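All remarks here apply to the structure that follows.
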Amino acid sequence: MKLGVREDSSLSSRAGRALGWSFASTALSKLSTLAIGIVLARILGPHEFGTFAVATVALLALLSFNELGVSLAIVRWPGDPREIAPTVATISVLTSTLVFAACWFGAPAFATAMGEPDAASVVRVLGLSVIVSGLAATPVALLQREFRQDRKMIADQVGSWTSALTSVGFALAGTGAMSLAIGQLTGSIIGAVLFIAFAPRSLRFGFDPAKARALLRFGLPLAGSSIVVFAATNVDKLVVGAVLGPVPLGFYVLATNLSNWPATMFALPVRSVAPALLARLQGDPPAMRSTFLSAGGLLAAITLPACVVLAAASGPIIGLVYGAVWQPAAAVLVWLALLAALRILFELVYDYFVVLTHTRVVFTVQVVWLAALIPALYAGAHLGGVNGAALAAFAVAAVVVAPIYLFELSRTGIAVSAVARRLALPALASLAVAAVAATASHLIENNLLAAAVAGLAAGVGLALLLYGMRGAIRALRSVDAT
35 MKLGVREDSS LSSRAGRALG WSFASTALSK LSTLAIGIVL ARILGPHEFG
85 TFAVATVALL ALLSFNELGV SLAIVRWPGD PREIAPTVAT ISVLTSTLVF
135 AACWFGAPAF ATAMGEPDAA SVVRVLGLSV IVSGLAATPV ALLQREFRQD
185 RKMIADQVGS WTSALTSVGF ALAGTGAMSL AIGQLTGSII GAVLFIAFAP
235 RSLRFGFDPA KARALLRFGL PLAGSSIVVF AATNVDKLVV GAVLGPVPLG
285 FYVLATNLSN WPATMFALPV RSVAPALLAR LQGDPPAMRS TFLSAGGLLA
335 AITLPACVVL AAASGPIIGL VYGAVWQPAA AVLVWLALLA ALRILFELVY
385 DYFVVLTHTR VVFTVQVVWL AALIPALYAG AHLGGVNGAA LAAFAVAAVV
435 VAPIYLFELS RTGIAVSAVA RRLALPALAS LAVAAVAATA SHLIENNLLA
485 AAVAGLAAGV GLALLLYGMR GAIRALRSVD AT
């Protein structure tokens, strides 16, 4: 019994350290890329930025299914991951190469459909990152399984800074949207080299037919779900680009990038640790449910104030950070910041169902989301332009997707009332923060001062929430006691 307690304590300690490293890595990466992104937006302007946005949509689509979801099996594999790692590596690289070939030949048609034929060459250069991702998939999964987020942090940081500095250099040299593609590819290559070097086991290729069948049975439903997830989370960009063109798409993507900052800053570190931690709690469903609720409440407390500040003070923030030429993105940011707050919680729910192997739920929710989103986006874009599309995206998430997720959670033993209790305090505090930020935006003409007041309100709200949620934080730090 004492041995089990020590093992659980060790697991909790390792997960806690991994979460800390993951948070530090993401914080540094997002802060740096946000700063570099501001510089690039000011250098390139809305049209070039929109051209790169067209290519980025294509890249995200390819990365959503390029390795068929098999690398995640390494994290969940009950035995020694060395049994499946060579087969995973082979499948990942082979399928990624085939996906890149399709990208190369399909780039002109895709770019034309998005209203920017000149983006085809940018799409092709970015597509090379798919092969790099396939090479790195197995080492990254091994690092996650072993909670080695410290090593992952180094690789992420080096790759991120290489990408950013390369992009800035080429942008200043006048290469336009291609500068971003070259920077992205360069950073991904450097990052992949470090992931392979830092992995606890060397990268080896092999093929075991029996293991391959098992991996594909596991990975294909997730790959199919990932395609639908990509569509549900990126079809807004496809519609905006196809209906309104690259310049409105540039405004939309800029607002999306800024709205996602709180989510990627705080949600991604948890998502890099949560699946492995929840997977090891499958034998104790009450502890698993309690950990999920604690993580959800803490994520809401950390991210909701930041999201509502972005929405309530969008005008001063856009004007201060990006300049007057980007001001049309402010109205878009209002809705996308609120959407980002919902996505933070949706992503945690997604991971929870993946760990439970309830792939039917994951797939069904994404299909319903996509089916409702496409007509809403087209209607919103045609009736209200880029602002209408953003409003439609938020409305579908709030009215269609959230109720379905709550219903499915209740079927696993997590009552709607339990979720509401965890989210009530963060929601109320965020409303107060929003009121202060909105008032400052309307009464203070100076962008810097208005944004500072809004940021101060968010900081105070966050501090009070964290103090009020000390119990949830303790629960996450000592999972074995829940």
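Start counting at 1 in the sequence shown, then tack on 34, and there's your number in my numbering.
Backbone N, C-alpha and C fix where the C-beta goes; we use that ideal spot for every residue, glycine too.
None of the values given here were measured: they were computed from a predicted structure.
**Euclidean distance between Cα positions of Leu496 and Ala452** = Along the sequence shown, read from residue 1 onward, the residue named residue 496 stands at position 462. Along the sequence shown, read from residue 1 onward, the residue named residue 452 stands at position 418. So the alpha carbons of these two residues sit roughly 22 Å apart.
**Asked** So what does DSSP say about Gly502, is it helix, strand or coil?
**Response** In the sequence shown, counting from the first residue as 1, residue 502 sits at position 468. Gly502 falls in the helix class under three-state DSSP.
**Request:** For my contact list, Gly349 and Ser167 are in at a C-beta cut-off of 8 Å; report their separation, rounded to the angstrom.
**Result:** Working through the sequence shown from its first residue, we reach residue 349 at position 315. Working through the sequence shown from its first residue, we reach residue 167 at position 133. With a Cβ gap of about 37 Å, Gly349 and Ser167 do not count as contacting.
**Asked** If you drop the 5 nearest sequence neighbours on each side, which residues of the same chain put their C-beta closer than 6 Å to that of Ile77?
**Response** For the purposes of this step, residue 77 is taken as the residue at position 43 of the sequence shown. Result list for Ile77: Ala205, in chain order.
**Asked** Between which two residues does the alpha helix (DSSP H) carrying Ala358 extend?
**Response** Here residue 358 refers to the residue found at position 324 of the sequence shown. Note, Ala358: premise wrong, no alpha helix (DSSP H); not H, not E.
**CB contact check: His416 to chain C, cutoff 7 Å** = The displayed structure is made up of one protein chain only, and chain C is not part of it.
**Message:** Can you tell me whether Leu160 is helix, strand or coil according to DSSP?
**Reply:** Here residue 160 refers to the residue found at position 126 of the sequence shown. Leu160 falls in the helix class under three-state DSSP.
**Request:** Go to Arg323, then tell me how far its alpha helix (DSSP H) extends in each direction, as first and last residue.
**Result:** Locating residue 323 in the sequence shown gives position 289, counting from the first residue. Element bounds for Arg323: 319-346.
**Prompt:** Do the stretch 230-241 and the stretch 361-378 meet, that is, are 3 or more Cβ pairs less than 8 Å apart?
**Reply:** no
**Prompt:** If you draw a straight line from the C-alpha of Val269 to the C-alpha of Val127, how long is it?
**Reply:** Here residue 269 is taken as the residue at index 235 of the sequence shown, counted from 1. Here residue 127 is taken as the residue at index 93 of the sequence shown, counted from 1. Computed Cα separation, rounded: 27 Å.
**Item:** Residue closest to Glu180, alpha-carbon to alpha-carbon, out of Leu249, Ala488, Ala340, Pro115
**Value:** For the purposes of this step, residue 180 is taken as residue 146 along the sequence shown, with counting starting at 1. Residue Pro115 is the option with its Cα nearest to Glu180.
**Message:** Here's the rule: buried if 16 or more other CB atoms are within 10 angstroms of the residue's CB, otherwise exposed. What is Ala23?
**Reply:** Because the chain here runs from 35 to 516, residue 23 falls outside it and cannot be looked at.
**Between the CA atoms of Leu177 and Ala463 - distance to the nearest angstrom** = Residue numbering aside, residue 463 sits at position 429 when the sequence shown is read from its first letter. Residue numbering aside, residue 177 sits at position 143 when the sequence shown is read from its first letter. Taking the straight line from one Cα to the other gives about 37 Å.
**Message:** Given a cut-off of 7 Å on the beta-carbon distance, is the pair Phe83 and Ala75 in contact?
**Reply:** Working through the sequence shown from its first residue, we reach residue 83 at position 49. Working through the sequence shown from its first residue, we reach residue 75 at position 41. In this structure, Ala75 lies closer than 7 Å to Phe83 by Cβ.
**Item:** Sub-7 Å separation of Met148 and Val88 beta-carbons
**Value:** Within the sequence shown, residue 148 is the residue found at index 114, counting from 1. Within the sequence shown, residue 88 is the residue found at index 54, counting from 1. Contact flag set, yes.
**Asked** What is the rounded straight-line gap between the Cα of Ser43 and the Cα of Leu315?
**Response** Position 9 of the sequence shown holds residue 43. Position 281 of the sequence shown holds residue 315. Only weak support exists for where Ser43 lies, its pLDDT of 49 falling under 50; the value from the coordinates is given anyway. Ser43 and Leu315: Cα-Cα distance of roughly 13 Å.
**Asked** From Thr124 to Val277, what distance separates their C-alpha atoms?
**Response** Within the sequence shown, residue 124 is the residue found at index 90, counting from 1. Within the sequence shown, residue 277 is the residue found at index 243, counting from 1. Approximately 40 Å, taken between the alpha carbons.
**Message:** If I measure Cβ to Cβ from Val39 and keep anything under 6 Å in the same chain, skipping five residues before and after, which residues do I get?
**Reply:** Start at 1 with the first residue of the sequence shown, and residue 39 comes out as number 5. Because the pLDDT of Val39 is 44, which lies under 50, any placement of that residue in the model is unreliable, and the number read from its coordinates should be weighed accordingly. Answer for Val39: no residue qualifies.
**Prompt:** So Pro319 and Ala492 are in contact, right, with Cβ under 8 Å, and what is the actual spacing, rounded?
**Reply:** Taking the sequence shown and counting its residues from 1, one reaches residue 319 at position 285. Taking the sequence shown and counting its residues from 1, one reaches residue 492 at position 458. Not a contact, Cβ separation roughly 36 Å.
**Request:** Could you spell out where the alpha helix (DSSP H) holding Leu128 opens and where it closes?
**Result:** Locating residue 128 in the sequence shown gives position 94, counting from the first residue. In the DSSP annotation of this structure, the continuous segment of the alpha helix (DSSP H) that includes Leu128 starts and ends at 119-147.
**Message:** Check this for me: beta carbons of Ala363 and Ala289, under 7 Å apart or not?
**Reply:** Locating residue 363 in the sequence shown gives position 329, counting from the first residue. Locating residue 289 in the sequence shown gives position 255, counting from the first residue. Yes, these two residues count as a Cβ contact at 7 Å.
**Item:** Reference Ser197, options Ile188, Val174, Thr172, Ile224, closest by Cα
**Value:** To locate residue 197, count along the sequence shown from 1; it is residue 163. Among Ile188, Val174, Thr172, Ile224, the Cα nearest to that of Ser197 belongs to Ile224.
**Prompt:** In the structure shown, what three-state DSSP assignment does Gly208 receive?
**Reply:** Translated into positions along the sequence shown, residue 208 becomes position 174. Gly208: coil per DSSP, three-state reduction.
**Asked** How many Å lie between Leu425 and Pro243 at the Cα?
**Response** Reading the sequence shown from its first residue, position 391 is the one you call residue 425. Reading the sequence shown from its first residue, position 209 is the one you call residue 243. When rounded, the separation of the alpha-carbon atoms in Leu425 and Pro243 is 48 Å.
**Message:** Contact between the stretch 397-415 and the stretch 351-363 is defined here as three or more beta-carbon pairs at a separation below 8 Å; is this criterion met?
**Reply:** No, they do not touch.
**Request:** Just the C-alpha distance for Leu477 and Ala345, rounded to the nearest angstrom, thanks.
**Result:** Within the sequence shown, numbered from 1, the residue matching residue 477 stands at position 443. Within the sequence shown, numbered from 1, the residue matching residue 345 stands at position 311. Their Cα atoms are separated by approximately 16 Å.
**Message:** Residues in the same chain with beta-carbon distance under 6 Å from Glu150, minus the five sequence neighbours each way, listed in chain order, please.
**Reply:** As a first step, residue 150 is located in the sequence shown; it is residue number 116 there, counting from the start. Closer than 6 Å at Cβ, skipping near neighbours: Thr85, Val88, Pro280.
**Request:** Using 10 angstroms around the beta-carbon of Thr146, count the other beta-carbons present and answer buried if the total reaches 16, otherwise exposed.
**Result:** Here residue 146 refers to the residue found at position 112 of the sequence shown. Under this definition Thr146 is an exposed residue.
**Prompt:** What first and last residue would you give for the alpha helix (DSSP H) that runs through His476?
**Reply:** Reading the sequence shown from its first residue, position 442 is the one you call residue 476. Here the alpha helix (DSSP H) through His476 covers 450-477.
**Message:** Using only the alpha-carbon positions, how far apart do Leu499 and Arg182 sit?
**Reply:** Locating residue 499 in the sequence shown gives position 465, where the first residue counts as 1. Locating residue 182 in the sequence shown gives position 148, where the first residue counts as 1. Looking at the two C-alpha atoms, the distance is approximately 30 Å.
**Prompt:** Is Leu219 helix, strand or coil when you go by DSSP?
**Reply:** Taking the sequence shown and counting its residues from 1, the one referred to as residue 219 is at position 185. Residue state, collapsed to three classes: helix.
**Request:** Compare the Cα-Cα distances from Ala429 to each of Leu440, Gly447, Pro409 and report the closest residue.
**Result:** Within the sequence shown, the letter at position 395 stands for residue 429. Ranking the options by Cα distance to Ala429, first place goes to Pro409.
**Request:** Helix, strand or coil for Ala497, going by three-state DSSP, please let me know.
**Result:** Taking the sequence shown and counting its residues from 1, the one referred to as residue 497 is at position 463. Looking at Ala497 - three-state DSSP - the assignment turns out to be helix.
**Request:** Could you tell me which of Ile378, Asn291, Gly353, Leu292 sits nearest to Ala329, measuring between CA atoms?
**Result:** What you label residue 329 is simply residue 295 of the sequence shown in a count that begins at 1. Selected option, being the one with the closest Cα: Ile378.
**Backbone CA spacing between Asp190 and Val159 [nearest angstrom]** = As a position in the sequence shown, residue 190 is number 156, starting the count at 1. As a position in the sequence shown, residue 159 is number 125, starting the count at 1. Taking the straight line from one Cα to the other gives about 21 Å.
**Request:** Use the C-beta contact count for Leu219: other C-beta atoms within 10 angstroms, 16 or more gives buried, fewer gives exposed.
**Result:** In the sequence shown, residue 219 corresponds to position 185, counting from 1. Buried, since its Cβ has 16 or more Cβ neighbours within 10 Å.
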